[in-house]
Amino acid sequence: MYLTRCLRSQRQSLAHIVDHYAQYPPTGLTLKKIIEFAREGDAQQSFLFLRNELPVRLASMMKEMGHLPSRLLEMPSVKTVNGWYGTSLFELYSFRDSQPTNEIVRKFTEVLQNIRKRHTTVIETLAQGYMEFSDSGKVKEYEESQIQYFLNRFHLSRISIRLLIYQHTMCFGEEIPEHPTHLGFVDPLCYVEDIIKDAFENAQFLCEGYYLTAPSLELRCINATNPDEPICIAYVPSHLYHIMFELFKNSMRATVEYAE
Numbered sequence: 001m002y003l004t005r006c007l008r009s010q011r012q013s014l015a016h017i018v019d020h021y022a023q024y025p026p027t028g029l030t031l032k033k034i035i036e037f038a039r040e041g042d043a044q045q046s047f048l049f050l051r052n053e054l055p056v057r058l059a060s061m062m063k064e065m066g067h068l069p070s071r072l073l074e075m076p077s078v079k080t081v082n083g084w085y086g087t088s089l090f091e092l093y094s095f096r097d098s099q100p101t102n103e104i105v106r107k108f109t110e111v112l113q114n115i116r117k118r119h120t121t122v123i124e125t126l127a128q129g130y131m132e133f134s135d136s137g138k139v140k141e142y143e144e145s146q147i148q149y150f151l152n153r154f155h156l157s158r159i160s161i162r163l164l165i166y167q168h169t170m171c172f173g174e175e176i177p178e179h180p181t182h183l184g185f186v187d188p189l190c191y192v193e194d195i196i197k198d199a200f201e202n203a204q205f206l207c208e209g210y211y212l213t214a215p216s217l218e219l220r221c222i223n224a225t226n227p228d229e230p231i232c233i234a235y236v237p238s239h240l241y242h243i244m245f246e247l248f249k250n251s252m253r254a255t256v257e258y259a260e
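Count the sequence shown with the UniProt record's numbering and you get residues 1 to 260, in order.
Structure follows, in structure tokens:
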């Protein structure tokens with residue numbers, strides 16, 4: 001009985017926290033602002049911003065999840081994901097009144113690293129939840145629409161949360177950026193052609209391994225501003241790579257199968 005009361009009290013407390021933070025809109029952030037903060041900001045400022053911003057984004061995500069079909073929400077894997085987000089929100093909420101001392105910021109950074117690890121398999125676990133949902137009964141058309149709408153928004157929210165966490169842990173934690181010139185996860189001198197070629201070569205390798213053949217690439221890079229210079233932008237290299245890799249992979253598959 002005591003345990004039941006404790007669990008009920010915890011759920012009510014979490015619901016109150018979610019309602020509190022979900023009423024606020026996420027702060028709009030541009031790549032320019034992120035780069036400027038990486039150059040001029042400090043760990044204390046980042047702590048003060050993220051201790052409110054991350055709960056707002058997590059709470060909004062949990063609210064959206066609550067609008068999924070009720071039968072889907074009862075699936076074990078979906079409950080697991082909900083539990084992960086609830087735990088993360090509780091952990092962040094514990095810093096709401098903390099002063100930005102060096103020790104507090106260090107503990108906060110450790111919590112962010114743990115949150116990122118905890119959420120590593122969220123996509124796979126949600127996919128498992130959908131399989132459980134499908135196996136438990138017929139999925140109605142309107143339920144499919146609800147789920148697809150949620151997933152589109154969920155992926156964007158998840159990416160933004162992970163980027164904010166990565167940016168803090170790379171700039172102010174012990175994690176080291178991939179390259180000395182990177183500002184956290186952002187490369188202010190991202191050479192587009194190099195990343196496109198790298199993505200193509202890896203997609204080509206997979207295609208050749210599966211189909212024993214692969215299309216070739218004819219790449220033309222036109223820099224309208226400086227025709228004699230390669231295209232260089234401030235961007236997240238890993239994001240550009242994954243975008244191009246998926247495009248090449250799907251295009252190669254379609255090209256090879258159509259040619260057959």
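All C-beta atoms, glycine included, are put in the ideal place defined by N, C-alpha and C.
DSSP, read as helix, strand or coil, puts Tyr24 in coil. The Cβ-Cβ distance between Tyr258 and Pro230 does not fall below 8 Å.
Per the C-alpha coordinates, the member of Ser94, Glu91, Met131 positioned closest to Met75 is Met131.
Cβ neighbours of Arg153 within its own chain (closer than 7 Å, five residues either side excluded): Glu64.
Annotated as distal: Cys221 and Val256, with beta-carbon spacing of 8 Å or more. Arg39 and Tyr142 have their alpha carbons spaced roughly 47 Å apart. For Pro76, the enclosing alpha helix (DSSP H) has its first and last residue at 76 to 93.
In this chain, the alpha helix (DSSP H) harbouring Ile34 covers 31 to 40. Under a 10 Å Cβ-count criterion, Asp42 is classified as exposed, with fewer than 16 other Cβ atoms of the shown protein chains found around its own Cβ.
For Tyr235, the beta-bridge partners assigned by DSSP are Asp187.
Note on geometry: alpha-carbon atoms of Arg106 and Gly173 lie some 8 Å from one another. Straight through space, the alpha carbons of Asn202 and Tyr235 are spaced by roughly 21 Å. In this structure, DSSP gives Ala214 a state outside helix and strand, which the three-state scheme calls coil.
Between Gly129 and Ser77, the CB-CB gap stays under 8 Å. Look at the beta carbons and you see the region 179 to 198 not touching the region 43 to 52: under three pairs across the two are nearer than 8 Å. At a Cβ-Cβ threshold of 8 Å, Leu14 and Leu89 count as neighbours. Going by C-alpha positions, Val122 is about 31 Å away from Gln99.
For His242, the closest C-alpha among the options Asp198, Tyr210, Arg162, Ala59 is that of Asp198. The DSSP assignment places 141 to 172 as complete runs of the alpha helix (DSSP H) inside the region 141 to 182, in order along the chain (cut-off: 4 residues).
In this chain, the alpha helix (DSSP H) harbouring Gly129 covers 122 to 135. In this structure, the CA atom of Ser70 is about 14 Å from the CA atom of Ser145. Collapsing the DSSP output to three states places Thr225 in coil.
If the five residues before and after Ile176 are omitted, its C-beta is found closer than 8 Å to the C-beta atoms of Met170, all from its own chain and listed in chain order. Per DSSP, the unbroken alpha helix (DSSP H) holding Arg57 starts and ends at 43 to 65. Its chain contains Ile17, Pro55 as the residues whose beta carbon lies nearer than 7 Å to that of Tyr93, once the 5 sequence neighbours on both sides are disregarded; these appear in chain order. Distance from the CA of Phe37 to the CA of Gln45, rounded to the nearest whole angstrom, comes to 9 Å.
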